[in-house]
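Reviewing the structure listed below.
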Amino acid sequence: LTKATPWTRALSNTQIDAVLVRIGIPGLQQQENDGDIVGTTVQYHIDLAVDGGAYSTVMTKTVTEKLSSLYELTHRINLPKASTGWQIRVVRDTDDSTSQMLQNKTQVQAITEVIDARLRYPHTALLYVSFNAKSFNNIPKISCMPKGRIIRIPSNYDPIARTYSGTWDGTFKWGWTNNPAWIWFDVLTEPRFGLGRRVTPEMLDKWELYRIAQRCDQKVPDGKGGSGTEPRFMFDVYIQSQADAWQVIKDIAAGFNGMTFWGNNMFNVVSDMPADTTKLQILTRASVVGKPVYSSGSEKNRFSSALINFSDPDNHYQDR
1 LTKATPWTRA LSNTQIDAVL VRIGIPGLQQ QENDGDIVGT TVQYHIDLAV
51 DGGAYSTVMT KTVTEKLSSL YELTHRINLP KASTGWQIRV VRDTDDSTSQ
101 MLQNKTQVQA ITEVIDARLR YPHTALLYVS FNAKSFNNIP KISCMPKGRI
151 IRIPSNYDPI ARTYSGTWDG TFKWGWTNNP AWIWFDVLTE PRFGLGRRVT
201 PEMLDKWELY RIAQRCDQKV PDGKGGSGTE PRFMFDVYIQ SQADAWQVIK
251 DIAAGFNGMT FWGNNMFNVV SDMPADTTKL QILTRASVVG KPVYSSGSEK
301 NRFSSALINF SDPDNHYQDR
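For the sequence shown, position 79 matches number 79 in full-length UniProt numbering, and the numbering has no gaps at all.
Right, dumping it as C-alpha cells:
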C-alpha cells in the first residue's frame, strides 16, 4: 500500500453486513543521524462507495509507535444497504519512505466479509461489552445491575413513583417492579418457569395482595439519617437454579413479612401489618367465661439477638 497507489476492492455479495480490513505495518521506526532509533507516525484512511457512487471516508487511523516487527490492526466497516454492491478503498496519507533510515511501510493483509447471525435469544437478556485489550492484562470481571423481568402489575400502578391512582379495576398491565407482592404473584402465575401451568390468577386473592403491595410501597426512613426515605419492602432476587416451588413461594412471601397457605381451593397470603381496626372485636372481662390461664415459654427459648446478612445495593449487592 503506497500513497500513489491506493488499495481497492469491489464487494458484490449484497448479503454481507460488514467487512473486516486488516492492515499490517512490518516496522515503524526511524534512525537518526546519531544512531538513535525512535518511533514515527503513519496515517491512512478507508473510503467506501455504494452502488458505484462517490467515495466517502468512513474512518481515519493514525499510528504513532516504535515497532521493529509486524503490527496488525483490524477495522470493521459496517456496510449500508446496497443494490449492486460496494467498493472499498484503503488510502495511505503519509509519504512513502525513500530512505533506509525510515521504516513505515503499510500493507493490506486481508479482508473478511462478515454476515451477522440473526439469532434470537427468547427470554434472555444479553450484555455486549467491547474494550481495548491494552487496558487489561486478563479478561476483566464484569458485574452489572439488571432490573429483571417485566411482570404483571396493576393497571393503576406506577412502579417508578410507587403510587396507585384511583380505584383498581382488577386488571393488569406489563411493567417492571421490585415490589415483593407482585413478584410473588408473577412466580405463581408464570407458566414458563413458575406455577402458571397449575395455578391461575383466579386461584389467588389479588385484592388482599393489592393491599399488601400498597404497604410494601409505603415510604419509611432509609436509616441513613436526615429526611431520606425508601419503600418499606423491596425484593431484588436472582433465581439461578431449580428449587422447590413451595419453598420459593414462602421465601418471597417472607420478603413482605407474609405467609402463604392453601385453603378453600385458593392460594391465600397474609402479611404481618396493622389490622383494620373497624373490624376488631372488643373483649372485656365480661366476655370471658371462667378464669384466664396464663402461660409462657422458658427464657432459654426466647431469642434476644439475631444474625443478619444484608445485601448492600450501594456496593453491588455484596453481603455485609
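Think of the CB as a built atom: it goes at the ideal place given N, C-alpha and C, for glycine as much as any other residue.
Residues of its chain near residue 233, where Cβ-Cβ distance is below 7 Å and the 5 sequence neighbours each way are ignored:
In the same chain as residue 233, and ignoring 5 residues on each side of it, the C-beta atoms closer than 7 Å to its own belong to 180, 216, 255 and 256, in chain order.
For the alpha helix (DSSP H) containing residue 210, name the first residue and the last one.
Residue range 206–217 is occupied by the alpha helix (DSSP H) that includes residue 210.
Any idea which residues DSSP pairs residue 65 with across the strands?
The secondary-structure analysis by DSSP pairs residue 65 across a beta bridge with 40.
When the Cβ atoms of the stretch 117–135 are set against those of the stretch 155–171, are three or more pairs found closer than 8 Å?
With the cut-off at 8 Å, the stretch 117–135 and the stretch 155–171 do not touch.
When you compare only the Cα positions, how much space is there between residue 288 and residue 295?
Computed Cα separation, rounded: 17 Å.
Only counting the same chain, and skipping five residues up and downstream in sequence, which positions put a Cβ closer than 7 Å to that of residue 67?
Beyond the five residues adjoining it in sequence on each side, residue 67 comes within less than 7 Å, by CB distance, of 25, 27, 28 and 29 in the same chain, given in chain order.
Residues in its own chain within less than 8 Å of residue 143 by CB, not counting five upstream and five downstream?
If we look at residue 143 and ignore the five residues flanking it on each side, its Cβ neighbours are 316.
Give the single residue among 278, 279, 253 and 276 whose Cα lies nearest to the Cα of residue 267.
The shortest C-alpha separation from residue 267 is found at 253.
Using only the alpha-carbon positions, how far apart do residue 152 and residue 172 sit?
Put simply, the backbone Cα of residue 152 is about 6 Å away from that of residue 172.
Go ahead and pull the three-state DSSP assignment for residue 262.
Residue 262 falls in the strand class under three-state DSSP.
Are the beta-carbon atoms of residue 269 and residue 186 separated by less than 8 Å?
No; because the gap between Cβ atoms is not below 8 Å, this pair is not in contact.
Could you tell me whether the Cβ atoms of residue 44 and residue 23 are closer together than 8 Å?
Their beta carbons are under 8 Å apart, which means residue 44 touches residue 23 by this criterion.
Classify residue 84 as buried or exposed, calling it buried when 16 or more other Cβ atoms lie within 10 Å of its own Cβ.
With fewer than 16 neighbouring CB atoms inside 10 Å of its own CB, residue 84 falls in the exposed class.
Endpoints, the beta strand (DSSP E) within which residue 91 is located
DSSP places residue 91 inside the beta strand (DSSP E), whose first and last residues are 86–92.
Residue 183: first and last residue of the uninterrupted alpha helix (DSSP H) it sits in
180–189 is the span of the alpha helix (DSSP H), which, as asked, contains residue 183.
Pick from 199, 247, 189 and 3 that is closest to residue 105, judged by C-alpha positions
Of all alpha-carbon atoms in 199, 247, 189 and 3, the one lying nearest the alpha-carbon of residue 105 is that of 3.
Through-space distance from residue 262 to residue 189, alpha-carbon basis:
CA-to-CA, the gap between residue 189 and residue 262 works out to about 15 Å.
Between the CA atoms of residue 42 and residue 107 - distance to the nearest angstrom
Answer to the nearest angstrom: the Cα atoms are 12 Å apart.
Pairs of beta-carbons, one from the stretch 270–286 and one from the stretch 195–202, closer than 8 Å: are there three or more?
Judged by Cβ distances under 8 Å, the stretch 270–286 makes no contact with the stretch 195–202, as fewer than three pairs qualify.
Give me the DSSP bridge partner(s) of residue 173.
Answer is 153.
What residue does the alpha helix (DSSP H) around residue 254 start on, and which one ends it?
Run containing residue 254: 245–254, per the alpha helix (DSSP H) assignment.
Between 222, 310 and 73, which has its C-alpha nearest residue 21's C-alpha?
Minimum Cα distance to residue 21 is reached at 73.
Give the DSSP-derived three-state secondary structure of residue 299 in the structure shown.
DSSP places residue 299 in helix when its eight states are reduced to three.
Would you identify the three-state DSSP class for residue 315, choosing helix, strand or coil?
Residue 315 falls in the helix class under three-state DSSP.
Where does residue 4 sit, in a helix, a strand or coil, going by DSSP?
Note: residue 4 maps to coil in three-state DSSP.
What is the DSSP secondary structure of residue 231, counted as helix, strand or coil?
In this structure, DSSP gives residue 231 an extended state, which the three-state scheme calls strand.
Go ahead and pull the three-state DSSP assignment for residue 287.
DSSP, reduced to helix, strand and coil, places residue 287 within a helical segment of the structure shown.
Apart from the five residues on each side of it in sequence, which residues of its chain come closer than 6 Å, Cβ to Cβ, to residue 12?
85, listed in sequence order.
Identify which residue in 302, 227, 147 and 5 has its Cα closest to the Cα of residue 237.
The shortest C-alpha separation from residue 237 is found at 147.
With a threshold of 16 other CB atoms inside 10 Å of the CB of residue 271, please say whether the residue is buried or exposed.
Buried, by the Cβ-count rule.
Taking the CB atoms as reference points, tell me whether residue 89 and residue 8 lie closer together than 8 Å.
Yes, Cβ-Cβ distance for residue 89 and residue 8 is below 8 Å.
Which word fits residue 258, buried or exposed, when buried means at least 16 other C-beta atoms lie within 10 angstroms of its C-beta?
Residue 258 is buried by the Cβ-count criterion.
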